[in-house]
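Engineer:
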Amino acid sequence: MRQLPCPFCGARELREFVFHKTLPAAASATADASADEFARTYLRVADPQLSVEHWQHVHGCRAWLLVRRNPSTGAVLAVQMLSGTAP
Amino acid sequence: MQTQSSRCSIDRQAHGRVLEFAAFSWPQPGDAMVGWPSVAGAVRRDALNRAILLHFAPGRVLAPDPSAATEALLDAAAAQGVGSGIDVTGKWEHYIIAGPDAARLLACAIEPGAVLENRECAAVTLFDCPAVIARTHAGFELWLQSSYSADFLATAERFRAALQRT
Amino acid sequence: MSTPPLRRGTRIGTQWLSFRFDGRSYPAQAGDTAASALLANGVRLMGRSVKYRRRRGLLGAGPEEPNALFNVGEQPQLIPNVQATLLLLREGMSLASQNRWPSLRVDLASLLQAGGGLFSAGFYYKTFIWPSWRTYESLIRRLAGLGAAPLDCALPHVAIEHLACDVLVTGAGPAGLAAARAAARAGARVVICESEPVCGGELEFEGGHIDGQTAAAWLVRTLAELESLGARILTSTTVITDNGGEFIAHAEPGGLPGHNTMYRIRPRAMVLAAGALERPIVFCNNDRPGVMLLGAAERYLTRYGTQVGRELVLFANHDRVYASAQRLAAGGMAVRAIVDTRGADALMTGSAAHVLRDSLVAAGVECLAAHAVISANGGSGVRAVRVAPLHGGPPRKIRCDTILVSGGWSPALHGGFHGGAARAYAPPLDSFVAATSTETRRHAGSANGCLELGAALADGHAAGARAAADAKATGHAGVAPQGNGDPSPRLQAFARSPAAPAAERRQFIDLQNDVTVADLRVALAEGFSDIEHVKRYTTLGIGTEQGRSSAVLGAAVLAELKGESLAAVGVSRSRPPYQPVTLRSIAGFHVGDAVMVSRRTPLNDWHVAHGGMLEPMGLWMRPRYYSANGANPFDAAIAEARQVRTAGGIVDGSTLGKLEVAGPDAAAFLDFIYLSKASTMRVGRSKYMVNLREDGMVLDDGLVLRLADDRFLATTGSGHGTHMLSHFEHYRALHWSGRGVTVTDVTEAWAVIVAAGPRCRDALLQVLDTAWQAPIGRLGHMDFADGSHAGQALRVLRASFSGELAFELHCRPAGAVALWEALLAAGLAAYGLEAVDILRVEKGYLTGSELNGQTTPFDLGMAALVKQGNDCLGRALLDRPAFHEATRPRLVGLRACDGRSRFLAGAQLTTAAAPDRPQGFVTSSVYSPTLDQWLGLALLARNQAEGTQLMARDPLRGSDVAVHVVAPVHFDPASERMKG
Amino acid sequence: MSALPASARHYSAWSLLRARFAGSGYWRPLWAGRKLKPAYDVVIVGAGGHGLASAFHLARDQGMRRIAVLEKRLVGYGNVGRNTTIVRSNYLLPENHYFYEDSLRRWETLSHDLNYNVMYSPRGVVDLALTDDSMLALARRGNAMRLAGIDAELLDLAALERFAPELEARRKRRFPIVGALLQRRGGTVRHDAVAWGYARAASALGVDIIEDCEVTGVRTAGNAATGVESTRGYVQADRVVFATAGHTGMIGAMLGTPLPIETHLLQAMVSEPIKPLINSVYVYVSPGHGETYICQSDRGGLVMGGHLDGFPSYTREGVWHRLEDVVQGALELFPRIGGVKILRQWAGTNDMTMDGSPIMDRLRYDNVFVNAGWCYGGFKAIPASGAAFAKFVASGTAPDLIRAYRLSRFASGHLLDEPGQGPFPVRL
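Residue numbers (our numbering), protein chains in the order written: chain A, 21 to 107; chain B, -16 to 149; chain C, 37 to 1016; chain D, 132 to 559.
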């Protein structure tokens, strides 16, 4: 269904949200920080069943969201507020 | 701009200072403060039923024309490390959309029933213009980002006129 | 014009009106469609086919019509390709046939059909190769196309409505109404979309009884009940696509763009009951005017009292043809023969159809079993039909002027199936039904293969009740309506009549695109055997009627030619929209000035009233120059820039993005976002800072002000404000959630007036509240002070992007115009963005075109900032080797070697040694009134040293100018003026 | 020069005339009817434009004989048959404009080379500028092209009015038109014909084109692949080529190699046919809307497209609001087409790379090659890609024309980011 359940606003139409990026597969934990940064920035592992993404509810509450979707069906699997720790 | 008709009106409301209070996180402990509209989309109203705190985005509260009591509440929240208050006077313009066609006018842009389901206010985009809407007894009140207001009113007027014809 | 006898029908009134078709005037009755009125006036020739330009008449009575498409109205406001079957006539309406020259009757391009088999599938791929396609293309383009190209469009406002409901029902025929009634009774909020202007579907002419009443009485009662239960019935409204559970429906009353509404309906559950589409049967010359669908003839008779012909031959493969024949005969038409492809034993003794046949035979109708129509005779209209027994025997001729065909019904699946859900072959229909109904989407009635009234009602009721339950309605749906109407069709698959190979060239499957059985054979011979390949190769089913009349039929013929089952062949995937929809309707309110919202500053009205020539910058509108200062932007900007340098000016800087970053961790957050550190700044100071994209490229630049220990104001480029807001918010959420930092957009909370020039300090002192006298005198370069003016907050920042002494005044929007006008009164003059560019380039400041997403901080002369070692966002990827090569660019200044030639931004810079290998390019150039020459900034390979002579090559604009490389700062390199 | 041996029917007006009297039996299958053999010199995965063109050039120019093209579904069923048919070489960066110019030159003669009319129509590609800044960016690009010997003209308003009266360039608009960059040799090519023409020519040269044959895995030994697993069984291969636009990310996953690729949807749409109205290809970008491009097919339909749907997807179901964006953009350019109806909308899956330029390189193994990452611009590249990639696969050394498209460029920073968009395929 082409709605995203915004944790703050409730279900809203997809057109209110803007996709930003896909998360790469877990970046390798090498000592080389720039190599990690490179993988994070450039590399993706395609999984036809699961895409983990950053979206923003730009045309609503502007919350940044962590969205899990199935890119083969468009099904939204989970949405949560984006949060993390300082770099 | 003010437009009047028997079915639907859009009237600009005068107002003074407007603050936004942004919490450092949401949901978070400050929600427990007395008088805080902690639930998503909650609105706290004064004795005259005017909205004084609108929780329109995660941890972000709009405080139009803050009274001394409201300012004290926000200051206390800031002092407790809940978040920061920001004076945004001039960012938002206030409108009342009223009349039997008020909901139908909004339905040209969003489905107001669904958007305001289980909440008193919501951040929306109306005719490409960012706004916060809330229900009032007569229809809806609208806080509109001011740089968009001229275009918003022009587009709303087109739809309003079309509703009038039908 | 003599008035013909009045017709009576369910959709027409007694009032006469007149309309024009191809220049001739005709009478019609109110409620007539173009098709019904033309037919009633004896007009049969209504169009020409695309490829062969064969003469065509009506095939259908609704959206399935492939032939009768008209240009409606007159240029410049003409609407092309309007289906005559949907077009409700209005007084004085002007229609014209399409795609013919010089006239519909005599079309020179119809000579093409003499080529017959030459133009078979794949024709264009096999010829026009020499000398080139372009040689022939212009002629072919003119021959192709259907309706006229409009010269203008003045379609009015399109209404929009967003609707949420529990149950959406498409189609208000018996099944749809039963579904809607059941759902509404159960307490569901119901919306019904019906493509026709009135509800009823097949009930309109099938007759029959429901719950002991006539179908007509039940219809009236049911509609009244639905209304009383709050159901919303949208007529003339077609669901055109499924947008992921939000259904887009388009209302086009009268079949003509003009009073359209776009609905966006989000139901919790859905019942698809859009009915079924009658299929033609293919025979030789089955495209002649006078060959029509059987159901269409019934529609014309019942709705409009229009007789489709005088002498009819009916051709079908099912029982229903007999009931139809009887109704058509009762309507005054002579049924000459019924040609049934099924054997004599197909009609069950004692069945209703059998009884009907006997009575028809008794009335003199020839009923042929196991026969088929082999071909139609007559060029511009049917004059006779040749029929033959299917199991051997000679053909014979039957005189008639109309052949009504019916090869069965295909459930209308398109609307609900854009998601590519599977279809399943249904043998009783020889067609396809939905393979699966999901929890939220159910098919019902003939759309679900239930062709009998009783079954359709029961099916609809059950679907409606279940949909209501899915939508969490808890009421009781009541009992299903009981009905009986026409019996089961008992059809036997039959898609086309036998034909000799040569005759297959005139067996038409897709009438609009002239796809014949012979074309399918060619496609198969060439290896295109999958239905999707056949569709693409032959253009089968891609016409404006969305394949309604040809998609399943074509698949059935293909199955026969391949020797496979229809189930194995399948049908090609249909594409939205279900019904073609005008661009105007899709665009909604986003047309003209509203195509994209405009943002305006608090000074916008002042600019407009004082000759400010506004130009878009992103969504913002900003004054480029003021018309009083020059007739064109070039002259005006020179005058304005000169005024700033000699006296002083003010410019509206309100469009700058402004983000207030607050909280105990604000400084640390900005240290992460920006290349240089914010945390080292003291309160009351500002700093020019840049930030980087994740990949290390410079993203944006601006001033950052430290308002308090825990509070900063970051300014961004005007076009970037919302993007930068998202960027800040993203990293706040990603790395700083729960910590002490917030980001708030205050762009609109502060109007910004920049005052620059030698006299600007005096003007400020004269204008501002006296409390500002001391602070303004005290403010050093990049310092700011907060206070108030005229009772409103005011911030004064001493910063300059012009090279002059300059102050940015940040005031509340409500006071902006007064402050602006006071500054003007104090002797400063307004200047626009064009002058800003001149002033910036003279001083070597970035103008925006250097921040093109391709430049690193090294390229822009900020290596020292990188070296400070702030580990900011984007820093890690700056170490990639390519960014340190000698061919990477750096920012330089340029001047013409002769000191006067003009060179323009976009020119490429080359050396004498390699005149075709660019070493860089001019990013911006201006004519400097101060230095009286052209100045430029450029991004140039690092190995080209200062002083080097290069060519600024601009072949596009016909100029090559010798330039030499200088430092980027052209004017006042020691910055004495702005620090003074 | 025609590539076809005598086993195929030569196409001409004469052959059509003969067929007219010989009946449909005269024609031969273009490529169908081959059986999958157990082993090949080269197995190409994907019978789209790039796979088929590579096969054709391997057979014709590189002297390779045992070549198979394995296709999951049908020849030309992917993006080669779903794009908006535009060909051009108006790129900014030298690595790109030389490559695409090679392609455009090949388009000019492709119908002759394949003896198949691909309907190359050099009707001009017009990139419109809506701001002075975008006009300067076009000037930068056009000058770079001209210095490289590629045709380009910068049109001011007067010139634009002369070239394209249908545009009404001076009409009042929300974003007024400032000027344009014109490439006259740019234009359109009939998309299906490209797939079918290459398939026919390759087949005639002995290439086995096997449809309904999905590759499910790669068998390897050490640093080399030995063959591919398919739904029709194992096939031994000396070299394996992946040309699976829209699914390259999954190929990477299959080989355990993350790639700088995300898969996104791009929609296109066509109107009902009308008489000629739009005579060139128009491309423009407006704030908020992103890109819109529009042209009119020879059948008369207005063909339109825009930017990506905006999020990763394999569904091929476009979202309606992107269609609205495109239509709004098209109407802004041509207000007169408001009464024309959209007939069909569809979508294709696009391998979006992190700099917007393609990848032509080895993938993990010495003898596994990937031709991918064409974003939404792969159609125009087909002839050059096929010729250069065939040379690469046959010789093991990437020709100069495509060396910049190596996979390592992301790590080294030698990015080919024409619009300066960075590693964000959908950022507007």
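No residue lacks a Cβ here, since even glycine has one placed at the ideal position from N, Cα and C.
All values reported here derive from a predicted model rather than from experimental measurement.
1. Name the residue from Ser516(D), Gln367(D), Arg475(D) whose alpha carbon lies nearest to the alpha carbon of alanine 374(D).
2. Where alanine 787(C) and aspartate 278(C) are concerned, what is the direct C-alpha to C-alpha distance, given to the nearest angstrom?
3. Kindly indicate which three-state DSSP category methionine 987(C) falls into: helix, strand or coil?
4. Answer with yes or no whether the minimum CB distance from arginine 64(A) to chain C is below 8 Å.
5. Applying the criterion that 16 or more other CB atoms from any shown protein chain within 10 Å of the CB defines a buried residue, is proline 32(C) buried or exposed?
6. Run through chain C and tell me which residues come within less than 7 Å of arginine 475(D), C-beta to C-beta.
7. According to DSSP, which residues form a beta bridge with proline 25(A)?
8. Tell me which residues share the same chain as histidine 38(B) and place their Cβ nearer than 6 Å to its Cβ, disregarding the 5 neighbours each side in the sequence.
9. What distance in whole Å lies between the Cβ atoms of glutamine 615(C) and isoleucine 276(C), which are believed to be in contact at a cut-off of 8 Å?
10. Determine the chain D residues that contact serine 1(A) at a beta-carbon separation under 7 Å, and present them in chain order.
11. From leucine 390(D) to tyrosine 62(A), what does the alpha carbon distance come to, in whole angstroms?
12. With burial defined as no fewer than 16 other Cβ atoms inside 10 Å of the residue's Cβ, what is the status of alanine 503(C): buried or exposed?
13. Answer yes or no: does any C-beta atom of chain A fall closer than 8 Å to that of phenylalanine 142(B)?
14. Does the distance between the C-beta of threonine 357(D) and the nearest non-hydrogen atom of the ligand SAH fall short of 7 Å?
15. Is any beta-carbon of chain A found at less than 8 Å from that of proline 554(D)?
16. Just the Cα atoms here: how many angstroms apart are phenylalanine 764(C) and proline 530(D)?
17. Exposed or buried, valine 997(C), counting other C-beta atoms within 10 Å across all chains shown (16 or more means buried)?
18. Would glutamate 197(C) and arginine 22(A) qualify as a contact pair, given that the criterion is a beta-carbon distance under 8 Å?
19. Per DSSP, what kind of secondary structure is alanine 90(B) in: helix, strand or coil?
20. For a contact defined as C-beta to C-beta under 8 Å, what are the partners of threonine 347(D) on chain A?
21. Considering just the uninterrupted stretch of the alpha helix (DSSP H) at histidine 479(C), what are its terminal residues?
22. Output the boundary residues of the beta strand (DSSP E) element that contains alanine 483(C).
23. Between isoleucine 874(C) and chain D, is there a C-beta pair that is closer than 8 Å?
24. For the structure I just gave you, are there three or more beta carbon pairs, one from the stretch 808 to 823 of chain C and one from the stretch 717 to 729 of chain C, closer than 8 Å?
25. How should aspartate 381(C) be labelled, buried or exposed, when 16 other C-beta atoms within 10 angstroms of its C-beta is the threshold for buried?
26. Taking the continuous alpha helix (DSSP H) assigned at tryptophan 772(C), which residues delimit it?
27. Should isoleucine 196(C) be flagged as near chain B, meaning a C-beta pair shorter than 8 Å?
28. Determine, using beta-carbon pairs with one atom in the stretch 476 to 487 of chain D and one in the stretch 436 to 450 of chain D, whether at least three such pairs fall under 8 Å.
29. Assuming threonine 379(D) and serine 361(D) form a contact by the criterion Cβ under 8 Å, report the distance between their Cβ atoms to the nearest whole angstrom.
30. Check whether chain D comes within 8 Å of glutamine 111(C), counting only Cβ atoms and requiring the distance to be less than that.
31. Per DSSP, valine 999(C) forms a beta bridge with which residues?
32. Using a threshold of 8 Å, state whether the C-beta atoms of glutamine 314(D) and asparagine 410(D) are closer than that.
33. Candidates Ala180(C), Leu967(C), Ala333(C), Val205(C): which alpha carbon is nearest leucine 408(D)'s?
34. Start and end of the alpha helix (DSSP H) containing tryptophan 126(B)?
35. Could you please tell me which residues of the stretch 750 to 776 of chain C, in chain order, have their CB closer than 8 Å to any CB of chain B?
36. Under a three-way DSSP split, which group does phenylalanine 523(D) fall into?
Structural biologist: In terms of the structure at hand:
1. As a first step, residue 374(D) is located in the fourth sequence; it is residue number 243 there, counting from the start. Nearest neighbour of alanine 374(D) by Cα position, chosen from Ser516(D), Gln367(D), Arg475(D), turns out to be Ser516(D).
2. In the third sequence, the residue the question calls residue 787(C) occupies position 751. In the third sequence, the residue the question calls residue 278(C) occupies position 242. Distance between the alpha carbons of alanine 787(C) and aspartate 278(C): 44 Å.
3. Translated into the one-based positions of the third sequence, residue 987(C) becomes position 951. Three-state DSSP puts methionine 987(C) in a strand.
4. Within the first sequence, residue 64(A) is the residue found at index 44, counting from 1. No, because no Cβ of chain C sits closer than 8 Å to the Cβ of arginine 64(A).
5. No answer is possible for residue 32(C): it lies beyond the span of chain C, which begins at 37 and ends at 1016.
6. Translated into the one-based positions of the fourth sequence, residue 475(D) becomes position 344. Going along chain C in sequence order, the residues near arginine 475(D) (Cβ under 7 Å) are Arg611.
7. Counting from 1 along the first sequence, the entry for residue 25(A) is found at position 5. Per DSSP, Ala31(A).
8. In the second sequence, residue 38(B) corresponds to position 55, counting from 1. Around histidine 38(B): Pro20, Ala25, Val44.
9. Translated into positions along the third sequence, residue 276(C) becomes position 240. Translated into positions along the third sequence, residue 615(C) becomes position 579. At roughly 6 Å, the Cβ-Cβ gap stays under 8 Å, so isoleucine 276(C) and glutamine 615(C) are in contact.
10. Limits of chain A in this structure are 21 at one end and 107 at the other, which puts residue 1(A) out of reach.
11. Position 259 of the fourth sequence holds residue 390(D). Position 42 of the first sequence holds residue 62(A). Each residue's Cα considered, the two are about 8 Å apart.
12. Translated into positions along the third sequence, residue 503(C) becomes position 467. Label assigned to alanine 503(C): buried.
13. As a position in the second sequence, residue 142(B) is number 159, starting the count at 1. By this cut-off, phenylalanine 142(B) is not an interface position.
14. With respect to small molecules bound, the structure shown includes none, and the ligand SAH cannot be examined in it.
15. One-based indexing of the fourth sequence puts residue 554(D) at position 423. Yes - at least one Cβ of chain A is within 8 Å of the one on proline 554(D).
16. Sequence index remark: in the third sequence, residue 764(C) carries index 728 (1-based). Sequence index remark: in the fourth sequence, residue 530(D) carries index 399 (1-based). Each residue's Cα considered, the two are about 43 Å apart.
17. Taking the third sequence and counting its residues from 1, one reaches residue 997(C) at position 961. Valine 997(C) is buried by the Cβ-count criterion.
18. As a position in the third sequence, residue 197(C) is number 161, starting the count at 1. As a position in the first sequence, residue 22(A) is number 2, starting the count at 1. No, these two residues do not count as a Cβ contact at 8 Å.
19. Along the second sequence, read from residue 1 onward, the residue named residue 90(B) stands at position 107. Looking at alanine 90(B) - three-state DSSP - the assignment turns out to be coil, as it is neither helix nor strand.
20. Here residue 347(D) refers to the residue found at position 216 when the fourth sequence is read from its first residue. Residues of chain A passing the Cβ test: none, with the nearest at roughly 13 Å.
21. Here residue 479(C) is taken as the residue at index 443 of the third sequence, counted from 1. Looking at the DSSP string, histidine 479(C) is not in any alpha helix (DSSP H); the run it does join, the beta strand (DSSP E), is 477 to 479.
22. Your numbering for residue 483(C) matches position 447 in the third sequence. Counting along the chain, alanine 483(C) falls outside any beta strand (DSSP E), and DSSP gives it neither H nor E.
23. For the purposes of this step, residue 874(C) is identified with residue 838 of the third sequence, where counting begins at 1. It does not; no Cβ of chain D falls within 8 Å.
24. With the cut-off at 8 Å, the stretch 808 to 823 of chain C and the stretch 717 to 729 of chain C touch.
25. The residue you call residue 381(C) lines up with position 345 of the third sequence. Per the 10 Å Cβ criterion, exposed.
26. On the third sequence, position 736 is the one that residue 772(C) refers to. Note, tryptophan 772(C): alpha helix (DSSP H), 757 to 772.
27. As a first step, residue 196(C) must be located in the third sequence, where it is residue number 160. Yes, because at least one Cβ of chain B sits closer than 8 Å to the Cβ of isoleucine 196(C).
28. yes
29. In the fourth sequence, residue 379(D) corresponds to position 248, counting from 1. In the fourth sequence, residue 361(D) corresponds to position 230, counting from 1. Not confirmed; about 17 Å, so no contact.
30. Taking the first residue of the third sequence as position 1, residue 111(C) is located at position 75. For glutamine 111(C), the answer is no, since every Cβ of chain D falls outside 8 Å of its Cβ.
31. As a first step, residue 999(C) is located in the third sequence; it is residue number 963 there, counting from the start. Looking at the DSSP assignment, valine 999(C) forms a beta bridge with Ala932(C), Leu986(C).
32. Reading the fourth sequence from its first residue, position 183 is the one you call residue 314(D). Reading the fourth sequence from its first residue, position 279 is the one you call residue 410(D). Their beta carbons are not under 8 Å apart, which means glutamine 314(D) does not touch asparagine 410(D) by this criterion.
33. Residue mapping note: residue 408(D) aligns to position 277 of the fourth sequence, counting from 1. Taking only the C-alpha atoms, the option nearest leucine 408(D) is Ala180(C).
34. As a first step, residue 126(B) must be located in the second sequence, where it is residue number 143. First-last for tryptophan 126(B): 122 to 128, but that is the beta strand (DSSP E), not the alpha helix (DSSP H).
35. Ser773, Gly774, Arg775, Gly776
36. For the purposes of this step, residue 523(D) is taken as residue 392 along the fourth sequence, with counting starting at 1. Correct three-state label for phenylalanine 523(D): helix.
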